[in-house]
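Beneath this line is the structure, given in structure tokens, with notes to follow.
In our numbering, the protein residues as written are 70 to 207.
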């Protein structure tokens, strides 16, 4: 895993590349168990970048290339669920929803772990509606 990350970091060491119907990550689950495998992944792919900022890159990659592993990755990278992608400015659930390969359950899972993202949108639109009502009454 370390060598793969060193040489193929943009592809997360091909951890999520499928071969014979199974990813390297899933094969490692079978050999080492899920807990030990996730510990190794977390050591090689830290949740924070070099500037000590949370980044959601791994969740975005999993959503696009292997959504069936989303639950395991969300459990491992929980703080990253609420972080915007620095390139697009979108939250992981938004990016997941935009990928043709991602299923609705992955989007739901990401939202389930951070429902305040939806509450903020509702609050803003509700406040706007109230403001418009007050302006109409004056």
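Glycine included, C-beta positions come from ideal geometry on N, C-alpha and C.
All values derive from a computational prediction rather than experimental measurement.
Which class does residue i belong to by DSSP, given the choice of helix, strand or coil?
| i | result |
| --- | --- |
| residue 119 | coil |
| residue 152 | coil |
| residue 92 | strand |
If we ignore side chains and look at the alpha-carbon of each, how far apart do residue i and residue j end up?
| i | j | result |
| --- | --- | --- |
| residue 150 | residue 114 | 15 Å |
| residue 96 | residue 83 | 12 Å |
| residue 173 | residue 162 | 10 Å |
| residue 176 | residue 167 | 10 Å |
| residue 108 | residue 119 | 19 Å |
| residue 89 | residue 104 | 23 Å |
| residue 87 | residue 188 | 37 Å |
For residue i, collect the residues of the same chain with a Cβ closer than 7 Å to its Cβ; drop the 5 residues on either side in sequence, then sort them by chain order.
| i | result |
| --- | --- |
| residue 183 | 150 and 151 |
| residue 190 | Any answer about residue 190 is weak, because its pLDDT of 48 lies below 50 and its placement is not dependable; what the coordinates show is given next. None. |
| residue 146 | 116, 127 and 128 |
| residue 219 | Within the shown structure, residues of the chain are numbered from 70 to 207, placing residue 219 beyond reach of any answer. |
| residue 111 | 145 |
Counting only the same chain and skipping the five closest in sequence on each side, list residues whose C-beta sits under 8 Å from that of residue i.
| i | result |
| --- | --- |
| residue 143 | 128, 150, 178, 179 and 182 |
| residue 85 | 92, 93, 94, 130, 131, 134, 135 and 138 |
| residue 186 | 151, 160, 162 and 180 |
If I follow the unbroken alpha helix (DSSP H) through residue i, where does it start and stop?
| i | result |
| --- | --- |
| residue 183 | Element bounds for residue 183: n/a, residue is neither H nor E. |
| residue 167 | 161 to 167 |
| residue 128 | 126 to 134 |
| residue 112 | 103 to 113 |
| residue 141 | 139 to 145 |
Going along the chain, which residues of its own chain have a beta-carbon closer than 6 Å to the beta-carbon of residue i, five neighbours each way excluded?
| i | result |
| --- | --- |
| residue 171 | 132, 136 and 165 |
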